[in-house]
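The structure under discussion appears below in the form of structure tokens.
There are 2 protein chains.
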Amino acid sequence: MSMDITFLGTGSAYPSPHRGASALVLRTEGECWLFDCGEGTQTQLMKSAIRASKITKVFISHLHGDHFFGLPGLLCTLSLSCSPHGDQEGPHIEVYGPQGLRNFLRVALQISRSDLLLTYAVHELEPSREQSPCTGHLDPALTTSSPQLHPQERPGRTVHLDPDSDCYSLVHDQRFVVQAFQLYHRVPSFGFAVQERERPGRLKVELLKELGVNPGPLYGRLKNGQSVTLDSGRLLRPEEVLEPAVRGRKVCVFGDCSALVGEGGRRACEGADVMVHEATLEDGQQEKAVEHGHSTPSMAAAVALACGARTLVLHHFSQRYRPAGDQQEQESGAVGDQQGGGGAPISQLKVQAEQALQGSCTRVILAEDFLTVPVVRQERHTQPGKNS
Amino acid sequence: MSMDITFLGTGSAYPSPHRGASALVLRTEGECWLFDCGEGTQTQLMKSAIRASKITKVFISHLHGDHFFGLPGLLCTLSLSCSPHGDQEGPHIEVYGPQGLRNFLRVALQISRSDLLLTYAVHELEPSREQSPCTGHLDPALTTSSPQLHPQERPGRTVHLDPDSDCYSLVHDQRFVVQAFQLYHRVPSFGFAVQERERPGRLKVELLKELGVNPGPLYGRLKNGQSVTLDSGRLLRPEEVLEPAVRGRKVCVFGDCSALVGEGGRRACEGADVMVHEATLEDGQQEKAVEHGHSTPSMAAAVALACGARTLVLHHFSQRYRPAGDQQEQESGAVGDQQGGGGAPISQLKVQAEQALQGSCTRVILAEDFLTVPVVRQERHTQPGKNS
Numbered sequence: 003m004s005m006d007i008t009f010l011g012t013g014s015a016y017p018s019p020h021r022g023a024s025a026l027v028l029r030t031e032g033e034c035w036l037f038d039c040g041e042g043t044q045t046q047l048m049k050s051a052i053r054a055s056k057i058t059k060v061f062i063s064h065l066h067g068d069h070f071f072g073l074p075g076l077l078c079t080l081s082l083s084c085s086p087h088g089d090q091e092g093p094h095i096e097v098y099g100p101q102g103l104r105n106f107l108r109v110a111l112q113i114s115r116s117d118l119l120l121t122y123a124v125h126e127l128e129p130s131r132e133q134s135p136c137t138g139h140l141d142p143a144l145t146t147s148s149p150q151l152h153p154q155e156r157p158g159r160t161v162h163l164d165p166d167s168d169c170y171s172l173v174h175d176q177r178f179v180v181q182a183f184q185l186y187h188r189v190p191s192f193g194f195a196v197q198e199r200e201r202p203g204r205l206k207v208e209l210l211k212e213l214g215v216n217p218g219p220l221y222g223r224l225k226n227g228q229s230v231t232l233d234s235g236r237l238l239r240p241e242e243v244l245e246p247a248v249r250g251r252k253v254c255v256f257g258d259c260s261a262l263v264g265e266g267g268r269r270a271c272e273g274a275d276v277m278v279h280e281a282t283l284e285d286g287q288q289e290k291a292v293e294h295g296h297s298t299p300s301m302a303a304a305v306a307l308a309c310g311a312r313t314l315v316l317h318h319f320s321q322r323y324r325p326a327g328d329q330q331e332q333e334s335g336a337v338g339d340q341q342g343g344g345g346a347p348i349s350q351l352k353v354q355a356e357q358a359l360q361g362s363c364t365r366v367i368l369a370e371d372f373l374t375v376p377v378v379r380q381e382r383h384t385q386p387g388k389n390s
Numbered sequence: 003m004s005m006d007i008t009f010l011g012t013g014s015a016y017p018s019p020h021r022g023a024s025a026l027v028l029r030t031e032g033e034c035w036l037f038d039c040g041e042g043t044q045t046q047l048m049k050s051a052i053r054a055s056k057i058t059k060v061f062i063s064h065l066h067g068d069h070f071f072g073l074p075g076l077l078c079t080l081s082l083s084c085s086p087h088g089d090q091e092g093p094h095i096e097v098y099g100p101q102g103l104r105n106f107l108r109v110a111l112q113i114s115r116s117d118l119l120l121t122y123a124v125h126e127l128e129p130s131r132e133q134s135p136c137t138g139h140l141d142p143a144l145t146t147s148s149p150q151l152h153p154q155e156r157p158g159r160t161v162h163l164d165p166d167s168d169c170y171s172l173v174h175d176q177r178f179v180v181q182a183f184q185l186y187h188r189v190p191s192f193g194f195a196v197q198e199r200e201r202p203g204r205l206k207v208e209l210l211k212e213l214g215v216n217p218g219p220l221y222g223r224l225k226n227g228q229s230v231t232l233d234s235g236r237l238l239r240p241e242e243v244l245e246p247a248v249r250g251r252k253v254c255v256f257g258d259c260s261a262l263v264g265e266g267g268r269r270a271c272e273g274a275d276v277m278v279h280e281a282t283l284e285d286g287q288q289e290k291a292v293e294h295g296h297s298t299p300s301m302a303a304a305v306a307l308a309c310g311a312r313t314l315v316l317h318h319f320s321q322r323y324r325p326a327g328d329q330q331e332q333e334s335g336a337v338g339d340q341q342g343g344g345g346a347p348i349s350q351l352k353v354q355a356e357q358a359l360q361g362s363c364t365r366v367i368l369a370e371d372f373l374t375v376p377v378v379r380q381e382r383h384t385q386p387g388k389n390s
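These protein sequence lines map, in sequence, to chains S and F.
Okay, so the first sequence: first residue is 3 according to our numbering, each after it adds one.
Okay, so the second sequence: first residue is 3 according to our numbering, each after it adds one.
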């Protein structure tokens, strides 16, 4: 099954005609998972090849407006494309994000009297004190939402940091494990590690037939990694009749950050096939980047190196960096560009990451709005019969 | 001083790549007033010729998401373009809208920890029971916001319906009078009537000099419409030495509606130079339009006729109506088009309004995103010396 990532917005601070506000979609097996949902994401979705109705999960990295102000409108518009379904429940969307998101969505949807043809739940991540200088400044009334749910809201969990993994456990199903990890930013920010589960290799049916083993319960036991004794007395080990196991892919999406917090992130991202990391400013602006809780290409590369990521995709660029090929690539920004003056051309940010990665085999990609990056399965095969 | 209206979003229900969500700007004397602020308005502003930093007032007609979900993001982005101003206050924005808007903005800006370099105040209009079938359904906790203001929020008024004028009095300054009036929609909706004040005509200085009257206190009295007695004993009446008074222009912007409520709207819009009215669906879909609290071109034309408007600008079109010249003009809509199937071409909506206006001299204009409509002063002059 193919897996890919489509970038819907690669700009920082605000949406502009050149770069949308933060949003990307991980697409696999007919489902779309949205990571961040800045203002205008619904319009970017319409311009993309993504079918918005396939969105089943939304992950919000942190509560800066350019990462979540598009969520109420997206839910309203998704609802417009749902058919009335009588007594049955419509589509359901799981939302994961920092404390405060549930109340925001509830207030936005209630004040706009949005009567949805879909249901949603918000699972809130409890931030730690180490994540941000602002932690604890949020009025508790904003995070402790009223007990009254929006009519189409279903109860969500509060997810605490698991001290063993140093991560937040968000999803555990037959296909995927999703963990969140802590990042350092001006407000609590999270990254997300999506691990596809390993699938056992296929049975070599022709070989089994040659050995006189016909389809039946033995097939299941072999596929589950158990040895079986044939009528002939021969011990048949699973690795003899199984194709190599199919390794699961790993995709990591970082929220805004200038650093990881704790060990959880590095461990969760170990061996990532694709790591999506912010690079708001060029290397020459590192002091300013860190002051605002952001990263440069070299800083992102250091994280990719520490985790052994195969591909590093940079995004969340200051609006001063126009997309490659844009007529005004190096010109200064639009309405809200406080940073003034043109920076390096965007291609320079790729060079800076590549130089920092010299000697490793990590590939660097610069994201642009509507770029799709395939998540290719690694050729390395693991021992058959060892299902994770 | 010139005055014009620029449309930033002319689509209904949600923003699409073809039509932005509701927003328009009335521009005059170096100020911009924004009417409605759907998601994506800040990006539309960047694409337009409007200088967003000139926005001093925002009027929100009603609390459906496609009319106000863009407001928190707009304030954040406007703030980014402000320079730090030390102890002095930065720019200030007055926001007018239905009850609930103040709490929404406060929650959105607090949860996103938006520390603004501008200040704002929200003046809330108290809806009447006649305006909407939903009036009163809103949880009082949502409209009764906490006493704690956002750090950059300044106290706003609660504006009640004035029983004499049947309107809400919003602005009374030396240049403008702005009133809101009640509309019938699924949720409480308002229209806004902007009346430029009449300016007295200029003094005919050459004539005064010929009469031996030199610049001094007499000039002021004449300009204020008072007669004066000259040293010669001659009574000089102001109309003898004043150019004709300059009539003020009137612009009326309606929120979503299927009808006016009470007499306030008709009176406030009497003789409008430009009336901006919604026409969500074509005449053939009137039943459906009314069911959803919307209007057709003929319904809008009837309001323009009743008010004697000189120009009727239609906007807020169903996303099924692609802009004229759009390749897929008649094709069916995007992600959220619940209405399915292509409607009449958009040009047909103009024909329908014109037919309904036959015999009157009201001009019809179809708005498109980024269209600018000048508000021309009427040639009709009023009696000098009668300042309104």
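In this text, a Cβ means the ideal position worked out from N, Cα and C, and glycines have one as well.
These numbers were taken from a predicted model, which means no experiment stands behind them.
Is residue 155 of chain F helix, strand or coil by DSSP?
Position 153 of the second sequence, counted from the first residue, corresponds to residue 155 of chain F. If DSSP states are grouped into helix, strand and coil, residue 155 of chain F belongs with the strands.
Anything in chain S within Cβ reach of residue 141 of chain F, meaning under 8 Å, just list it in chain order.
Taking the first residue of the second sequence as position 1, residue 141 of chain F is located at position 139. Going along chain S in sequence order, the residues near residue 141 of chain F (Cβ under 8 Å) are 112, 150.
Measure from the C-beta of residue 174 of chain S to each C-beta in chain F and report whether the shortest distance is under 8 Å.
Position 172 of the first sequence, counting from 1, holds the residue named residue 174 of chain S. Contact with chain F is absent for residue 174 of chain S, since none of that chain's Cβ atoms lies less than 8 Å from the residue's Cβ.
Give the interface partners of residue 15 of chain S over in chain F, defined as CB-CB distance under 9 Å, in chain order.
Here residue 15 of chain S is taken as the residue at index 13 of the first sequence, counted from 1. Residues of chain F passing the Cβ test: 78, 79, 82.
From this set, S:226, S:200, S:195, which residue's C-alpha is nearest residue 255 of chain S's C-alpha?
As a position in the first sequence, residue 255 of chain S is number 253, starting the count at 1. If we check each option's Cα against that of residue 255 of chain S, S:195 comes out closest.
Just list the residues that DSSP pairs residue 182 of chain S with in beta bridges.
As a position in the first sequence, residue 182 of chain S is number 180, starting the count at 1. Answer is S:170, S:194, bridged to residue 182 of chain S.
What first and last residue would you give for the beta strand (DSSP E) that runs through residue 149 of chain F?
Locating residue 149 of chain F in the second sequence gives position 147, counting from the first residue. In the DSSP annotation of this structure, residue 149 of chain F is not part of any beta strand (DSSP E), being labelled neither H nor E.
Between residue 18 of chain S and chain F, is any beta-carbon pair separated by less than 8 Å?
Residue 18 of chain S sits at position 16 when you count from the first residue of the first sequence. Residue 18 of chain S counts as touching chain F.
So, is residue 81 of chain S buried or exposed, given that buried needs 16 or more other C-beta atoms within 10 angstroms?
Within the first sequence, the letter at position 79 stands for residue 81 of chain S. It is buried - the Cβ of residue 81 of chain S has at least 16 other Cβ atoms within 10 Å.
Which of the three DSSP states, helix, strand or coil, is assigned to residue 301 of chain F?
Indexing the second sequence from 1 puts residue 301 of chain F at position 299. The answer is helix: DSSP assigns residue 301 of chain F an H, G or I state.
For residue 299 of chain S and residue 354 of chain S, the rounded distance between their alpha carbons:
Along the first sequence, read from residue 1 onward, the residue named residue 354 of chain S stands at position 352. Along the first sequence, read from residue 1 onward, the residue named residue 299 of chain S stands at position 297. The alpha-carbon atoms of residue 354 of chain S and residue 299 of chain S are separated by roughly 6 Å.
Would you call the segment 172–181 of chain S in contact with the segment 204–212 of chain S, where contact means no fewer than 3 C-beta pairs closer than 8 Å?
The answer is no - the segment 204–212 of chain S does not touch the segment 172–181 of chain S, with fewer than three Cβ pairs under 8 Å.
If I follow the unbroken alpha helix (DSSP H) through residue 219 of chain S, where does it start and stop?
Walking along the first sequence from the start, residue 219 of chain S turns up at place 217. Counting along the chain, the alpha helix (DSSP H) containing residue 219 of chain S begins and ends at 219–225.
Backbone CA spacing between residue 1 of chain S and residue 348 of chain F [nearest angstrom]:
Coverage of chain S is limited to positions 3 through 390, which leaves residue 1 of chain S absent and any answer about it impossible.
Would you be able to state if there are at least three C-beta pairs under 8 Å between the segment 164–180 of chain S and the segment 255–266 of chain S?
yes
With DSSP collapsed to three states, give me the class of residue 308 of chain S.
Here the question's residue 308 of chain S lines up with position 306 in the first sequence. Helix, per DSSP.
Can you check whether the C-beta of residue 48 of chain F is within less than 8 Å of a C-beta belonging to chain S?
Here residue 48 of chain F refers to the residue found at position 46 when the second sequence is read from its first residue. Yes, residue 48 of chain F lies at the interface with chain S (some Cβ there is under 8 Å from its Cβ).
Which residues in chain F sit within 7 Å of residue 128 of chain S, going by Cβ to Cβ distance?
As a first step, residue 128 of chain S must be located in the first sequence, where it is residue number 126. Near residue 128 of chain S there are no residues of chain F at all, since even the closest Cβ is about 15 Å away, more than 7 Å.
Do we get a CB-CB distance below 8 Å when we pair residue 318 of chain S with the residues of chain F?
Start at 1 with the first residue of the first sequence, and residue 318 of chain S comes out as number 316. With 8 Å as the cut-off, residue 318 of chain S does not count as an interface residue toward chain F.
Rounded Cβ spacing between residue 34 of chain S and residue 76 of chain S (contact assumed at less than 8 Å):
Within the first sequence, numbered from 1, the residue matching residue 34 of chain S stands at position 32. Within the first sequence, numbered from 1, the residue matching residue 76 of chain S stands at position 74. At roughly 12 Å, the Cβ-Cβ gap does not stay under 8 Å, so residue 34 of chain S and residue 76 of chain S are not in contact.
Backbone secondary structure at residue 15 of chain F - three-state DSSP:
As a first step, residue 15 of chain F must be located in the second sequence, where it is residue number 13. Three-state DSSP puts residue 15 of chain F in coil, outside helix and strand.
Kindly identify the DSSP beta-bridge partner or partners of residue 110 of chain F.
Locating residue 110 of chain F in the second sequence gives position 108, where the first residue counts as 1. For residue 110 of chain F, which the question treats as bridged, DSSP gives no partner whatsoever.
What residues in its chain sit with their C-beta under 8 Å from that of residue 156 of chain F, if we drop five residues either side in the sequence?
What you label residue 156 of chain F is simply residue 154 of the second sequence in a count that begins at 1. Excluding sequence neighbours, residue 156 of chain F sits near 94, 121, 122, 123.
Taking 8 Å as the threshold (C-beta atoms), are residue 317 of chain F and residue 12 of chain F in contact?
Position 10 of the second sequence, counting from 1, holds the residue named residue 12 of chain F. Position 315 of the second sequence, counting from 1, holds the residue named residue 317 of chain F. Contact: yes.
Would you list, in sequence order, the uninterrupted alpha helix (DSSP H) runs of no fewer than 4 residues that lie entirely inside the segment 32–102 of chain F?
43–49, 67–70, 73–82
Burial state of residue 211 of chain F, where buried means 16 or more other Cβ atoms lie within 10 Å:
Position 209 of the second sequence, counted from the first residue, corresponds to residue 211 of chain F. By the 10 Å Cβ count, residue 211 of chain F comes out exposed.
Please return the same chain residues whose Cβ sits closer than 6 Å to the Cβ of residue 308 of chain S, not counting the five positions on each side in sequence.
Within the first sequence, the letter at position 306 stands for residue 308 of chain S. Within the same chain, residue 308 of chain S has close Cβ partners 268.
CA-CA distance, residue 314 of chain S and residue 374 of chain S?
For the purposes of this step, residue 314 of chain S is taken as residue 312 along the first sequence, with counting starting at 1. For the purposes of this step, residue 374 of chain S is taken as residue 372 along the first sequence, with counting starting at 1. So the two alpha carbons sit approximately 14 Å from each other.
The beta strand (DSSP E) with residue 274 of chain F in it runs from where to where?
Indexing the second sequence from 1 puts residue 274 of chain F at position 272. Segment: none, residue 274 of chain F is in no beta strand (DSSP E) and carries neither H nor E.
For residue 259 of chain S, is the classification buried or exposed, using 16 other Cβ atoms within 10 angstroms of its Cβ as the cut-off for buried?
For this step, residue 259 of chain S is matched to residue 257 along the first sequence. It counts as buried.
What is the rounded straight-line gap between the Cα of residue 277 of chain S and the Cα of residue 4 of chain F?
For this step, residue 277 of chain S is matched to residue 275 along the first sequence. For this step, residue 4 of chain F is matched to residue 2 along the second sequence. Spanning the two alpha carbons is a distance of roughly 53 Å.
Using a Cβ cut-off of 9 Å, pull out every chain S residue sitting near residue 116 of chain F, in sequence order please.
Along the second sequence, one-based indexing puts residue 116 of chain F at 114. Within chain S, the residues near residue 116 of chain F are 66, 67.
Please tell me whether residue 12 of chain F has its Cβ less than 8 Å away from any Cβ of chain S.
Numbered from 1 along the second sequence, position 10 holds the residue referred to as residue 12 of chain F. No, no contact with chain S.
Span of the alpha helix (DSSP H), counted from its first residue to its last, around residue 351 of chain F:
Stepping through the second sequence from its first residue, residue 351 of chain F is reached at position 349. First-last of the alpha helix (DSSP H) with residue 351 of chain F: 348–358.
Can you pull the chain S neighbours of residue 144 of chain F, defined as C-beta to C-beta under 7 Å?
Taking the second sequence and counting its residues from 1, the one referred to as residue 144 of chain F is at position 142. Simply 109, 112, 113.
Give a yes or no on whether the minimum CB-CB distance between residue 37 of chain S and chain F is below 8 Å.
Within the first sequence, numbered from 1, the residue matching residue 37 of chain S stands at position 35. It does not: the Cβ of residue 37 of chain S has no partner Cβ on chain F nearer than 8 Å.
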